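Number of protein chains: 2
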Amino acid sequence: MSGINIKKLALELNLSAATVSRALRDSYEISTETKQKVWAMAKKLNYEPNPSASNLRSQKSKTIAVIIPEVANNFFSQAINGIEEIARTRDYHVLIYQTHENSETEIAFIQRLLSGRVDGILISISKETDDNQLFKEIIKDIPVIFFDRVFKDIDAVKITTDDYESTYNATLHLIDCGCKKIAYLMGLSNLETGKKRIDGYTAALNDNDIAYKNELIMADCTDDDENYQQIKKLLITEKPDGIISSIEELALPCYYACKDLNLNIPADVKIISFSNLKTAPLLNPSLTTITQPAFEMGKEAATILFKILDKKYFESNETLILKSTLIKRGSTRCE
Amino acid sequence: MSGINIKKLALELNLSAATVSRALRDSYEISTETKQKVWAMAKKLNYEPNPSASNLRSQKSKTIAVIIPEVANNFFSQAINGIEEIARTRDYHVLIYQTHENSETEIAFIQRLLSGRVDGILISISKETDDNQLFKEIIKDIPVIFFDRVFKDIDAVKITTDDYESTYNATLHLIDCGCKKIAYLMGLSNLETGKKRIDGYTAALNDNDIAYKNELIMADCTDDDENYQQIKKLLITEKPDGIISSIEELALPCYYACKDLNLNIPADVKIISFSNLKTAPLLNPSLTTITQPAFEMGKEAATILFKILDKKYFESNETLILKSTLIKRGSTRCE
DNA sequence: TTTATTTACGTAAACGTTTACGTAAACATT
DNA sequence: AATGTTTACGTAAACGTTTACGTAAATAAA
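Residue numbers (the numbering used here), protein chains in the order written: chain A, 1 to 335; chain B, 1001 to 1335.
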């Protein structure tokens, strides 16, 4: 708010506001001479166009929203990083909203965004959300890209990783290491993401003639301590020799539980987790991870959103699938 | 963009836009009866006021900007978490900008924000920034709160941690553990933050009659590999028995370097680092950390900003200092 | 009953842009 | 010389709110 607006600028230049506006946007209607005078004066006076006025007139906000469960999470913060990088190249602004896995918060945010505040939305659905009716409505009003945590039956652009293959291969890896009783820590069960992950697990079991046992499946809940207790209970009662954690949040509790129960990783139980932890190689033991390309997902999601905003993207319901990487480390070392 | 604006709403209700506007804001000038009709219809039609129009008229954006070096960083993502939580309680929106430690990017962002896009700015200065002249200018135009990474001589509100005490106590801890040659990995040397940290270190050495040696100080640079090589070189040539890392980014390279050189932590060299890693307890060995209250810093910074916006805060240059915690773990275990 | 006050609304201007439309001057075409 | 076209700008309306000001009707005070 240097207090300088286009009118004052025009006054200073003995021009009309219209001419100044056109000159600033490099319109062909304005002589080169005038343009240069305008540019010079704009720079001199540190003129910045008022975004509210611009947005109001143009009905564009040059802003996108990112709605995620948590910022303080390796995956999501890396995704934001990618999104912000792309947005910056386009001089777009990025609004951040955290749902804390709460469906109502999520809905409230979205409702508030349906008023021209943003030109598009990038969203990773909260765990709790199982009803996609609202989303089916809003995608008619504004471009929405779903990333990582997506719905099954919605006609929208989605960016995911190869969730099915990831858990399939992870399970195979454990089987190769000799595991016979592989537990599965299930997250995101409401979402397509979570379903594909467990499907990969069961398919791998099937393909290797290992019976699926319901008792080996643990569904995560919202309470961290409860999760920890459940994992411990699972380790005690079922004595699995392998664990696949479908979400990063459950990996560390596994480590703590094993420590607590004097179980050796990987001798007694091998562990693989979805994770974007930078410290995975330095854990004790180092953690075998399914690492998602979070940064690239953010970049891709933003890139596609901008293509849509540019009207250069026409597949309204494509799913772009990026590959995760299974990084084998100490927690699944075979003897 | 449900396409419904205040005029259509007014038309539907047989009222003027002015009355509707006032009813929505619960003005005393409007009868209870009318208000309720308006509220009901607004809800029914899913009316959301257009923010550009509101902002333009009111000269408020209900938006704040957060300018930080990186999102994908434990400290900053936790700080954003705190900021977002406070902003939400006020129905404010949060814009995120990453400088990637680049001073010019930082300046460009700030310039763009001086046009009413945001009502206030929360910023953690980039490493490279040493000139605070621009900042002295902008704080006249818009409320700016500096957090964690702050300038020395600027008349603004700052939120920091007890940087001096933190490194002082960390150094003491190493001395207590018998360390005689304590290396210091220096970051943020341009900023008050970095200066206070190294001051704490040298003071502790002084108070314990240990000579300060320039060769034991390593300044970080922008290149990760270069940092790693420098740390290795330091370990080889100086053989320190303790290391204090003033930034989280250098902690893991230390671990790798020690591994590489077959140095045992903590037997050969003890390590303490500023860090907000959740996995610090699970590293091999677990890492002794100076943990900053990142979440609380974000909350405090946002809270004070809102007080300023509410004109309920008048100390224009207070520094609020939160306490970091020295968490002693395996990397500094004494025999 | 007359006048003052309060209540509940409407009118219109303003916020700072952008752009459709208009136009005078310069230039080109016949 | 009369007409058409281009160039380079200005005028004014519009985007969707909010609010100062105005006012008719209802109520209170005299």
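Note that beta-carbon positions come from the ideal geometry of N, C-alpha and C, so glycine has one too.
The structure presented is a predicted model; accordingly, all values stated were derived computationally and were not measured.
Inter-residue Cα distance where the pair is residue i and residue j
| i | j | result |
| --- | --- | --- |
| lysine 1195 (chain B) | tyrosine 184 (chain A) | 49 Å |
| lysine 1060 (chain B) | serine 1115 (chain B) | 11 Å |
| isoleucine 308 (chain A) | aspartate 141 (chain A) | 13 Å |
| threonine 89 (chain A) | glutamate 248 (chain A) | 31 Å |
| glutamate 1165 (chain B) | alanine 170 (chain A) | 46 Å |
| histidine 1093 (chain B) | isoleucine 96 (chain A) | 8 Å |
| lysine 37 (chain A) | alanine 302 (chain A) | 37 Å |
| isoleucine 175 (chain A) | glycine 200 (chain A) | 13 Å |
| lysine 1008 (chain B) | proline 143 (chain A) | 24 Å |
| threonine 1110 (chain B) | leucine 252 (chain A) | Here the sequence assigns isoleucine to residue 1110 (chain B), which means threonine is not the residue at that position. If you take the alpha carbons of isoleucine 1110 (chain B) and leucine 252 (chain A), they lie about 39 Å apart. |
| lysine 127 (chain A) | glycine 187 (chain A) | 8 Å |
| threonine 1160 (chain B) | tyrosine 1228 (chain B) | 28 Å |
| serine 21 (chain A) | tyrosine 1255 (chain B) | 57 Å |
| asparagine 208 (chain A) | cysteine 334 (chain A) | 18 Å |
| leucine 1216 (chain B) | aspartate 1241 (chain B) | 11 Å |
| serine 1324 (chain B) | isoleucine 1107 (chain B) | 30 Å |
| glycine 337 (chain A) | glutamine 1230 (chain B) | A query on residue 337 (chain A) cannot be resolved here, the shown segment of chain A reaching from 1 to 335 and no further. |
| glycine 82 (chain A) | isoleucine 1304 (chain B) | 30 Å |
| threonine 99 (chain A) | alanine 10 (chain A) | 45 Å |
| valine 998 (chain B) | alanine 211 (chain A) | Outside the modelled stretch of chain B, which goes from 1001 to 1335, sits residue 998 (chain B), for which no answer is possible. |
| arginine 1025 (chain B) | lysine 43 (chain A) | 39 Å |
| alanine 1053 (chain B) | proline 1069 (chain B) | 32 Å |
| asparagine 264 (chain A) | cysteine 258 (chain A) | 7 Å |
| leucine 1191 (chain B) | glutamate 1226 (chain B) | 22 Å |
| glutamine 133 (chain A) | aspartate 310 (chain A) | 27 Å |
| isoleucine 327 (chain A) | methionine 297 (chain A) | 18 Å |
| aspartate 119 (chain A) | aspartate 224 (chain A) | 36 Å |
| aspartate 163 (chain A) | arginine 197 (chain A) | 5 Å |
| leucine 320 (chain A) | asparagine 1055 (chain B) | 37 Å |
| alanine 79 (chain A) | isoleucine 121 (chain A) | 14 Å |
| aspartate 1220 (chain B) | serine 1245 (chain B) | 10 Å |
Where the beta strand (DSSP E) containing residue i begins and where it ends
| i | result |
| --- | --- |
| leucine 1320 (chain B) | 1319-1322 |
| isoleucine 1094 (chain B) | According to the sequence provided, residue 1094 (chain B) is valine. The question's isoleucine does not apply to it. Segment 1093-1098, the beta strand (DSSP E) holding valine 1094 (chain B). |
| lysine 1213 (chain B) | Unbroken run through lysine 1213 (chain B): none, as it is neither H nor E. |
| alanine 65 (chain A) | 63-68 |
| leucine 1326 (chain B) | 1325-1327 |
| glycine 242 (chain A) | 242-245 |
| phenylalanine 274 (chain A) | 270-274 |
| threonine 289 (chain A) | 288-291 |
Beta bridge counterpart(s) of residue i as assigned by DSSP
| i | result |
| --- | --- |
| glycine 298 (chain A) | Per DSSP, none; premise fails for glycine 298 (chain A). |
| asparagine 1219 (chain B) | Checking the sequence shown, residue 1219 (chain B) turns out to be alanine, not asparagine. According to DSSP, which records beta bridges pairwise, alanine 1219 (chain B) is partnered with B:Met1186. |
| glycine 120 (chain A) | A:Ile64 |
| leucine 283 (chain A) | B:Leu1283 |
Segment limits, alpha helix (DSSP H) that includes residue i
| i | result |
| --- | --- |
| threonine 1337 (chain B) | The shown model of chain B, from 1001 to 1335, leaves out residue 1337 (chain B), and the question about it has no answer. |
| glycine 82 (chain A) | 74-89 |
| tyrosine 1255 (chain B) | 1251-1260 |
| glutamine 36 (chain A) | 32-44 |
| leucine 277 (chain A) | Looking at the DSSP string, leucine 277 (chain A) is not in any alpha helix (DSSP H), and its letter there is neither H nor E. |
| serine 1016 (chain B) | From DSSP, serine 1016 (chain B) is part of no alpha helix (DSSP H); its letter is neither H nor E. |
| isoleucine 107 (chain A) | 103-113 |
| serine 1052 (chain B) | 1051-1058 |
Any residues in the region 114-135 of chain A with a beta carbon nearer than 8 Å to a beta carbon of chain B? Which ones, in chain order?
Leu114, Ser115, Gly116, Arg117
Using a Cβ-Cβ cut-off of less than 9 Å, give me the residues of the region 1230-1256 of chain B that come near chain A, in sequence order.
Answer set for the region 1230-1256 of chain B: Leu1252, Tyr1255, Tyr1256.
Can you give, in chain order, each stretch of the alpha helix (DSSP H) that sits fully within the region 1124-1208 of chain B and has at least 4 residues?
With a minimum length of 4 residues, the continuous alpha helix (DSSP H) runs that stay inside the region 1124-1208 of chain B are 1133-1141, 1163-1176, 1192-1207.
What residues in the region 71-85 of chain A bring their beta carbon closer than 7 Å to a beta carbon of chain B?
Val71, Ala72, Ser77, Gln78, Ile80, Asn81, Glu84
Short-range partners of chain B found in the region 32-57 of chain A, where Cβ spacing is below 9 Å
Asn46, Tyr47, Glu48, Pro49, Asn50, Pro51, Ser52, Ala53, Ser54, Asn55, Leu56, Arg57
When Cβ atoms are compared, which residues of the region 1086-1097 of chain B fall closer than 7 Å to chain A?
When CB distances to chain A are screened at a threshold of 7 Å, the residues of the region 1086-1097 of chain B falling below it are His1093, Val1094, Leu1095, Ile1096, in chain order.
Could you name the residues of the region 1282-1309 of chain B whose beta carbon sits closer than 7 Å to any beta carbon of chain A, in the order they occur along the chain?
Leu1282, Leu1283, Asn1284
Could you list the residues in the region 178-195 of chain A with a C-beta less than 7 Å from some C-beta on chain B, going in chain order?
Per Cβ criterion, the list is empty.
In chain order, what residues of the region 1261-1277 of chain B put their CB closer than 7 Å to some CB of chain A?
Leu1277
Give the residues from the region 145-179 of chain A that approach chain B closer than 7 Å (Cβ to any Cβ), ordered along the chain.
none
May I ask you to list, following chain order, the residues of the region 316-329 of chain A that have a beta carbon less than 9 Å from some beta carbon of chain B?
none
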